[in-house]
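> Pasting a structure here, questions to come.
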Amino acid sequence: MACKQKHDISGKEALLKAIQKGLLGEKALEPVQQTPKELEDNISHLLRTNRCLVVIDNIKMELWHAIKHIFPDETESRILVTTTVTTVANACSNGYVYIIRSLSAKQSKDYLDKKLSVHGCSLEVEWGTPIVKKCDGHPLALVSVVEALQGCRVVTRDHCEAISENLGSQMEENWNGHFTKLQQVLMNDYSSLPDNSSRACLLYTSIFPNGRPFNTNSLTRRLSAEGYIKGDDKRSAQQVAYDRLDKLMDRNIIRPIDAHNNSKVKTCRTHGIMNQLMLYKSRSLNFISTSFNDKNRSDCRHLVIQNHRNGNSFGPATSGKAKQLRPRSLTVFGSAGEAVSELKSCELLRVLDLKECNDLNDQHLKDIYKLLHIKYLTLGSSVSRPLDGMKKLHCLETLDLRKRKIETLPLEVISLPHLAYLLGKFKLSKLSESNLKKFGSKKCNLKTVAGVVVDSDSGFPKLMVHMNQLRKVKIWCEPTGTDCDSQGSGDSILDSLSLAIQKFAKAGIDTPVRDLDTPVGDRGRLSLHFNNYSEGLLHGRDDPTFLGYLSSLKLQGRLRQFPQFVMSICGLEELCLSYTNLTGDDLLKGLCHLQRLVYLKLVEVHLADLYLEDGDLPRLQRLCLVVQKPIFPTIRQGALPKLTSVQLLCDGLEDLGGIEMELFKDLQEIALDSMVSQETIKFWEDEAKKHPRRPRVILLDKVVAPAEAMAPVKYVASRKVYNNWYADAPQRKLQRSCQVTPLREQSPPPRSQSDEAQVRNGLALLSCCEAPEAREAEGGRDAGLKPLHSSSVEQPNKTVPSIMPNGSKEV
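Okay, structure coming up:
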């Protein structure tokens, strides 16, 4: 049973009346005055004595907490709620949250073809591709575009190009009313944000082109550099900025893509249709300008250039006026053309992002060094000149050189007074005693150095001792053979580096209060690639009295035994060991000392000799195993009792690899290498369906730097299509990870135009909805729900919250 009419539910009492009316159906009597307590008792009785399906659409947190007690514990009824907010879904769930997915590119194109063919129109493949990309699988966007195209007598390439290129203005202006519903949904998401800083954060994301993911750390540093986000007494500006992003992701306005080891979101992107609306809104407010041809470019706040063409960049508005351009940020994707020569006219720039600019040359560096207000600077690989002039940029806070090759940085760059984040792969030459004393006498603000190559002539180890604010460091150790032979001299580079590392680790113990710029879990993060020189770094100073504090440790290189240094680290939550060649017994002996370990990653040829017994790693939640041969550890009953996520990354995996999923009662996510066969994916999905939690099966792509020997193995979100479904990467919360689920082969064809999207996943459910003719225009209906035969709803009174993409207000 379900309500046949849609109700405007604004409070608890109205919701209770709607549920009671839906349960009684035709037996409903004339309205009788009842107290809330009488309504609750009556609904509980009906649910206990009948088999009912209750669907509550778009539930709010406070409303759920007010009514959840009325649902009886022992009943054959089912309670299903929908929401667009992840935290609400988690609060309503019993551990299983079904994510309603967007349409794939093929499904979107098929929908366009079907709807337009009914009106005698045909859509060429190349014409529809830009529309599909801009709509990004949003059903209501596709419905609106189809209605707009159906108004054309003949659909031509020009019509399709006009809609795809001006989709934002089409939604905003909405001349013929085709985009009314879509505009209401998206603008409600924007206007309902709690404060101006959240709205500014959402507008700012339209700087990035449609479909291009952006790094959350980079975005938060940009927002902080431009002053959009301010810190408070307990949090830094960057922490506040991340909280704003987190709220946008919680509302499913921004999509998480990749996750860090600590489950925080690493990369994300704005939904395509929201990106188009925010870009148009930003341009109309002079918040963003996307071309030097814009007549208001001199007053815009942010300038974005993508694949600029030479010859038409400068109009009369800027000719002869060197100080007319006043943007606070300039971001270039692809070619900048002649526009890059206007850098000297942007004297107020605080953010300059040129890492994707492919025609920046060494001559332009002179103009960059004149931008004295720069706080955030990224450079790409097209510039090879040494960065000696960088010392003029006293306000610089973030310097990102990750696109450039290894280079030697001058000491003046390291010594910049406000520099906090230094990213790339660089060297630092040997220092004189006078330069070392000069550096030590000044306050160093560096918090992140990722990373530095330490060779025989490196002066970094002695500088690192004076970096008291340092919280994250990545080091590649490449000393000569002479250094390895002189471990006992005390003057070797390995001895200096070992002392610096121990001081870095001990800093966490000596500082009782966390730094404001250090989010919880990010205090003390060390990544060390010692390339078989561990004798002089870790084993040479095994001090049983040593204690340190790190939250994350990554070690890559051959070890002769599990280092005492690692076992002496307090509070270690994340550990990554790559190519250590340790035996299973050595590994287990060391791991059992790390009682607070939450994340463990092991990269080896195979892990056949590792046995995890009852009680081992009691707090571990996420396990990542990367092997060349599909031989995984043996895990006994009672080991890893809190495991929620397991990544088995081997392209040769064909079966379960000896992993028994039923041992992990809280398992919610399984990640596989995207290169495994379709049969393997199907096999794992079938096994996952037998698990009480029905863990999600996701695919990850392997990324290895080809020019780097023994390069670290990294995996990122896969966009591999499997049966018309995209396999997205794990996200901030495991409940938000998307399942790779094939379409049901026995699904019946759609029964009506309004049911089409609901039947996508194999079942059209009863719901609190409007009349059939209004359904398609209302929300676009992004995917149906899973069939209700899963284990999470077979038991009595199980709620199945569904996170719905913005715009879908119905099941």
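Just so you know, we're using full-length UniProt numbering here: the sequence shown kicks off at 1 and counts up by one. Virtual Cβ for every residue (Gly too), placed ideally from N, Cα, C.
#1: Identify whether ARG283 lies in helix, strand or coil by the three-state DSSP scheme.
#2: Pick out the complete beta strand (DSSP E) segments inside the region 588-618, 3 residues or longer, and give them in chain order.
#3: Around the Cβ of VAL811, are there at least 16 other Cβ atoms within 10 angstroms (buried) or fewer (exposed)?
#4: Measure how close the beta-carbons of CYS357 and LEU325 come, nearest whole angstrom, since I'm counting them as under 8 angstroms.
#5: Please list, in chain order, all residues of the same chain as SER144 whose beta carbon is under 6 angstroms from its beta carbon, the five residues on each side excluded.
#6: With H, G and I counted as helix, E and B as strand and the rest as coil, what does DSSP make of ALA259?
#7: Since VAL383 is in the alpha helix (DSSP H), which residue starts that stretch and which ends it?
#8: In the DSSP assignment, find the alpha helix (DSSP H) that holds ASP168 and state where it starts and stops.
#9: PHE632 CB to nearest chain D CB: under 8 angstroms?
#10: Three-state secondary structure (DSSP) at GLU338?
#11: Tell me whether GLN647 sits in a helix, a strand or coil according to DSSP, three-state version.
#12: Using CA atoms only, rank isn't needed, just tell me which of ILE414, SER384, ILE70 is closest to THR398.
#13: By how many angstroms is the C-alpha of THR220 removed from the C-alpha of SER568?
#14: Nearest to ARG212 by CA position, among PRO410, TRP127, GLN306, GLU126, is which residue?
#15: Taking DSSP as the reference, what is the three-state secondary structure of HIS45?
#16: If you draw a straight line from the C-alpha of ALA237 to the C-alpha of LEU223, how long is it?
#17: Could you tell me the distance, in whole angstroms, from the CA atom of LEU172 to the CA atom of THR270?
#18: Between the C-alpha atoms of LEU23 and CYS300, what's the straight-line distance to the nearest angstrom?
#19: Under the assumption that LEU528 contacts LEU555 (Cβ atoms under 8 angstroms), give the Cβ distance between them as a whole number of angstroms.
#20: In this structure, does DSSP put ARG696 in helix, strand or coil?
#21: Looking at GLY380 and LEU360, is the spacing between their C-beta atoms short of 8 angstroms?
#22: Determine the closest residue to SER645 out of LEU612, LYS665, LEU653, ASP73, with distance taken between C-alpha atoms.
#23: State the beta-bridge partners of HIS302 as determined by DSSP.
#24: What does the Cβ neighbour count give for ASN581, buried or exposed, with the cut at 16 atoms within 10 Å?
#25: DSSP three-state label for SER568, please.
#26: Excluding five sequence neighbours on each side, which residues of the same chain lie with their C-beta closer than 6 angstroms to the C-beta of LEU277?
#27: Can you tell which of ALA241, HIS691, LEU372 has the C-alpha that lies nearest to the C-alpha of TYR228?
#28: Near GLU613, what residues of its chain come up, given a Cβ to Cβ distance below 7 angstroms and the 5 sequence neighbours on each side ignored?
#29: Quick check on the burial criterion: 16 or more other C-beta atoms within 10 angstroms. Buried or exposed for ASN176?
#30: For ILE163, which residues of its own chain have a beta-carbon under 8 angstroms away from its beta-carbon, when the five flanking residues on both sides are left out?
#31: Under the rule that 16 or more other beta-carbon atoms within 10 Å means buried, what is THR583, buried or exposed?
#32: Quick check on the DSSP output: the beta strand (DSSP E) that includes TYR715 runs from which residue to which?
#33: Which residue's Cα is closest to the Cα of LYS109: GLU687, TYR98, GLN595, HIS138?
#34: Tell me whether THR156 is buried or exposed, calling it buried when 16 or more other Cβ atoms sit within 10 Å of its Cβ.
#35: By a C-beta neighbour count over all protein chains shown, 10 Å radius and 16 as the cutoff for buried, is GLU669 buried or exposed?
#36: Could you check whether ILE207 and ILE288 sit closer than 8 angstroms to each other, using their CB atoms as the reference points?
The relevant details are as follows:
#1: Position 283 of the sequence shown, counted from the first residue, corresponds to residue 283. Correct three-state label for ARG283: helix.
#2: 599-604
#3: If you number the sequence shown from 1, residue 811 lands on position 811. Reliability fails at VAL811, whose pLDDT of 31 lies under 50, so the model's placement of it is uncertain and no value is given.
#4: As a working note, residue 357 is residue 357 in the sequence shown. As a working note, residue 325 is residue 325 in the sequence shown. No, CYS357 and LEU325 are not in contact; Cβ-Cβ is about 17 angstroms, not under 8 angstroms.
#5: Translated into positions along the sequence shown, residue 144 becomes position 144. Result list for SER144: HIS178, PHE179, LEU182, in chain order.
#6: Position 259 of the sequence shown, counting from 1, holds the residue named residue 259. Three-state result, ALA259: strand.
#7: As a first step, residue 383 is located in the sequence shown; it is residue number 383 there, counting from the start. Careful: VAL383 lies outside any alpha helix (DSSP H) and carries neither H nor E.
#8: Translated into positions along the sequence shown, residue 168 becomes position 168. Here residue 168 turns out to be Gly, not Asp, going by the sequence shown. GLY168 -> alpha helix (DSSP H) spans 167-173.
#9: No chain D appears in the structure shown, which is made up of a single protein chain.
#10: In the sequence shown, residue 338 corresponds to position 338, counting from 1. Three-state DSSP puts GLU338 in a helix.
#11: Position 647 of the sequence shown holds residue 647. The answer is strand: DSSP assigns GLN647 an E or B state.
#12: Indexing the sequence shown from 1 puts residue 398 at position 398. Taking only the C-alpha atoms, the option nearest THR398 is ILE414.
#13: In the sequence shown, the residue the question calls residue 568 occupies position 568. In the sequence shown, the residue the question calls residue 220 occupies position 220. So the alpha carbons of these two residues sit roughly 33 angstroms apart.
#14: The residue given as residue 212 occupies position 212 in the sequence shown. Cα-wise, what sits closest to ARG212 is GLN306.
#15: On the sequence shown, residue 45 is found 45 positions in, with the first residue counted as 1. If DSSP states are grouped into helix, strand and coil, HIS45 belongs with the helices.
#16: For this step, residue 237 is matched to residue 237 along the sequence shown. For this step, residue 223 is matched to residue 223 along the sequence shown. Cα to Cα, ALA237 sits roughly 8 angstroms from LEU223.
#17: Walking along the sequence shown from the start, residue 172 turns up at place 172. Walking along the sequence shown from the start, residue 270 turns up at place 270. Before going on, a small fix: residue 172 reads as Glu here, not Leu. Each residue's Cα considered, the two are about 18 angstroms apart.
#18: The count along the sequence shown starts at 1 and reaches residue 23 at position 23. The count along the sequence shown starts at 1 and reaches residue 300 at position 300. Taking the straight line from one Cα to the other gives about 56 angstroms.
#19: In the sequence shown, counting from the first residue as 1, residue 528 sits at position 528. In the sequence shown, counting from the first residue as 1, residue 555 sits at position 555. About 6 angstroms separates the two Cβ atoms, so the contact holds.
#20: Counting from 1 along the sequence shown, the entry for residue 696 is found at position 696. Note: ARG696 maps to strand in three-state DSSP.
#21: Looking up residue 360 in the sequence shown gives position 360. Looking up residue 380 in the sequence shown gives position 380. Against a cut-off of 8 angstroms, the Cβ pair of GLY380 and LEU360 comes out as a contact.
#22: Start at 1 with the first residue of the sequence shown, and residue 645 comes out as number 645. The residue with the shortest Cα to Cα distance from SER645 is LYS665.
#23: Residue 302 sits at position 302 when you count from the first residue of the sequence shown. Note: HIS302 sits in a beta bridge opposite ILE288, SER329.
#24: Working through the sequence shown from its first residue, we reach residue 581 at position 581. Exposed, by the Cβ-count rule.
#25: Within the sequence shown, residue 568 is the residue found at index 568, counting from 1. If DSSP states are grouped into helix, strand and coil, SER568 belongs with coil.
#26: The residue labelled residue 277 in the question sits at position 277 within the sequence shown. Hits under 6 angstroms: GLY168, MET171, LEU186.
#27: Taking the first residue of the sequence shown as position 1, residue 228 is located at position 228. That would be ALA241, whose Cα lies nearest to the Cα of TYR228.
#28: The count along the sequence shown starts at 1 and reaches residue 613 at position 613. So the list reads ARG636, ALA639, once near-sequence residues are dropped.
#29: Looking up residue 176 in the sequence shown gives position 176. The residue in question, ASN176, is exposed, as its Cβ has fewer than 16 Cβ neighbours within 10 Å.
#30: Mapped onto the sequence shown, residue 163 falls at position 163. For ILE163, where only same-chain residues beyond five positions count, the Cβ hits under 8 angstroms are ILE131, VAL145, ALA148, LEU149, GLN170.
#31: Looking up residue 583 in the sequence shown gives position 583. With fewer than 16 other Cβ atoms within 10 Å, it is exposed.
#32: Residue mapping note: residue 715 aligns to position 715 of the sequence shown, counting from 1. Start and end: 714-717.
#33: On the sequence shown, position 109 is the one that residue 109 refers to. Cα-wise, what sits closest to LYS109 is HIS138.
#34: Locating residue 156 in the sequence shown gives position 156, counting from the first residue. It counts as exposed.
#35: For the purposes of this step, residue 669 is identified with residue 669 of the sequence shown, where counting begins at 1. Flag for GLU669 reads buried.
#36: Looking up residue 288 in the sequence shown gives position 288. Looking up residue 207 in the sequence shown gives position 207. Yes, Cβ-Cβ distance for ILE288 and ILE207 is below 8 angstroms.
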